[in-house]
Amino acid sequence: MHTILPTHHSPPTVVQQILFLLVAALGIGLFAWQVRKIRANILKGKDRVMGGPISERINKTLLVAFGQQKMFKRITPALLHLVVYVGFLVINIEVIEIMIDGIFGTHRALSFMGPVYDVLMATNEILGALVIATVVALWWRRNRSQPVRRFTGVEMRAWPRLDANVILYVEVILMAALFTMNTADLKLHQLEGVDLPGSFPISSLLVGLFPENAGALHVLERVGWWLHILGILAFLNYLPSSKHFHIIMAFPNVYYTRLVPQGQFSNVDSITHEVKAMMDPSYQVPAGPVDADGNPVVQRFGAKDADDLSWLNLLNAYSCTECGRCTSVCPANITGKLLSPRKIIMDTRDRIEEKYESPLIFKPNKYNGEIGAESEDGSLVRGKVTPEELWACTTCNACVEACPVNINPLDSIIEMRRYLVLEESAAPHSLNVMFSNIENNGAPWAFSPSDRFNWADELYVAEKQSVATA
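Mapping of the sequence shown onto UniProt numbering: residues 1 to 470, in sequence order.
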């Protein structure tokens, strides 16, 4: 049985219930509409078969996504992030209660849980206070006079910088609304001599700041209640346009992590078939794909544009936290070269949204609504990512190892390099020399195959002379 509240603190009216249902339906529906756009963009990528045992994928998801395993390579940001992460998970239990109250017209619907409810509310309040303190610390780290180097870079333009701060401000507003609701509710019950279900250690310290008027307290409680749930719904619809979409996307992204060794590159199937046919004349090359009319589909080697990448690469792009850990450990970037793995991922996401659909509600389409249109100047390679960036990569996998949500920038870089080499023959001079040597000499070196063992003969002669001298 729910506690029967005093007259001044009546449950939401039928009008409020109807209004809440409309607002909740609009917020959730709008979020689903944006997610549908993102899903459609990801599926524009080429198919990729994901093998490996499901148990290993679940284990990675639990450790890396839920357990924040890779975050703890840097203890200070890891602890700060952990507080916000745990706070986000636990405080959302109170959001469930608000949703129930809004739909059914109840008040503190979960209070039937008794002592469990007391612990839950106390935990929520303590975590809420810790979240505010942590957000202040995170804001200071990001915006102080000498910010952390990984928060800077050519890709961290006005919007990425603002986006990183907006979420911090929103979190403070949500926590302030939560404390306003709880404190006003607590003081209202104190004034009317009724115990409020739950334990509120932080709100108990704030009751002295609130007015003694019951009507004003009721208004403040309703303002806090509505501001909190409206903030949650607004935040939900802000996520798809923000780097903070990783809150959701990190879990499927980690689940679909490639389970092959990180240094293992994929082969181009069509080239593999041709080589097998050259080595074995009896080998039958499988028929290539055809379109709806039965005409052969011309396949591109590598990736010129974002939709030439696999759906996993595009999933990576939407999972990026823009934290900069990949770029901060990239040896090319550290030594002053143009390559930034974070920029590669951000450019991929920006390009797929330019070419197809953007989750932003009021963002115009650069391609004037022509889905699938392609601009020679606007493609991913050269349009956003320069060859100089791609060839600066040492393929060391440092970026892959550093990413807290298992994004693989190297996979996208290799595919764009393949396009430059196989479609445009635009490899750097040093690589072209190597290719010529392999073609002419069967090895990367500019020596005839007949001279390949001369070094051993020279070494043998030198050792004999050394022995004779001794």
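Backbone N, C-alpha and C fix where the C-beta goes; we use that ideal spot for every residue, glycine too.
Note that the coordinates shown come from a computational prediction; the quantities given were computed from them, not determined experimentally.
| Asked | Found |
| --- | --- |
| L79: first and last residue of the uninterrupted alpha helix (DSSP H) it sits in | 75–104 |
| Residue span of the alpha helix (DSSP H) that contains W139, given as start and end | 115–143 |
| Between the CA atoms of I58 and R417 - distance to the nearest angstrom | 32 angstroms |
| Contact belief for A317 with I345 at Cβ below 8 angstroms, rounded distance in angstroms | 5 angstroms |
| Candidates V116, L191, V298, E357, of which the one nearest S270 by Cα | V298 |
| Residue of C396, I103, V84 minimising C-alpha distance to V23 | I103 |
| Residue from L178, W225, G231, A129 with nearest C-alpha to I167 | G231 |
| Run of the alpha helix (DSSP H) containing Y255, from where it starts to where it stops | 246–255 |
| Cβ pair Q420, P387 closer than 7 angstroms | A quick correction: the sequence has Leu, not Gln, at residue 420. In this structure, P387 lies closer than 7 angstroms to L420 by Cβ. |
| Range covered by the alpha helix (DSSP H) that runs through Q17 | 14–42 |
| Buried or exposed (CB count within 10 angstroms, at least 16 for buried), M181 | buried |
| CB contact check: D291 to chain B, cutoff 7 angstroms | In the structure shown, chain B cannot be found, because there is only a single protein chain. |
| N-terminal and C-terminal residue of the alpha helix (DSSP H) that N437 is part of | 429–441 |
| W226 burial status per 10 Å Cβ neighbour count (16 or more: buried) | buried |
| Contact set for F265: own chain, Cβ-Cβ below 8 angstroms, skip 5 residues either direction | I414 |
| Cα-Cα separation, T123 to V90 | 8 angstroms |
| Residue burial classification, Q262 (beta-carbon count within 10 angstroms, cutoff 16) | exposed |
| Residues that DSSP places opposite S310 in a beta bridge | K46 |
| Inter-stretch contact at 8 angstroms, needing at least 3 Cβ pairs: the region 404–413 / the region 306–316 | yes |
| Coil, strand or helix - V207 by DSSP | helix |
| Cβ-based burial, S425 [other Cβ within 10 Å; buried from 16] | exposed |
| Among A468, A32, S242, the one whose alpha carbon lies nearest that of D163 | S242 |
| Span separating the alpha-carbon of L422 from that of T395 | 19 angstroms |
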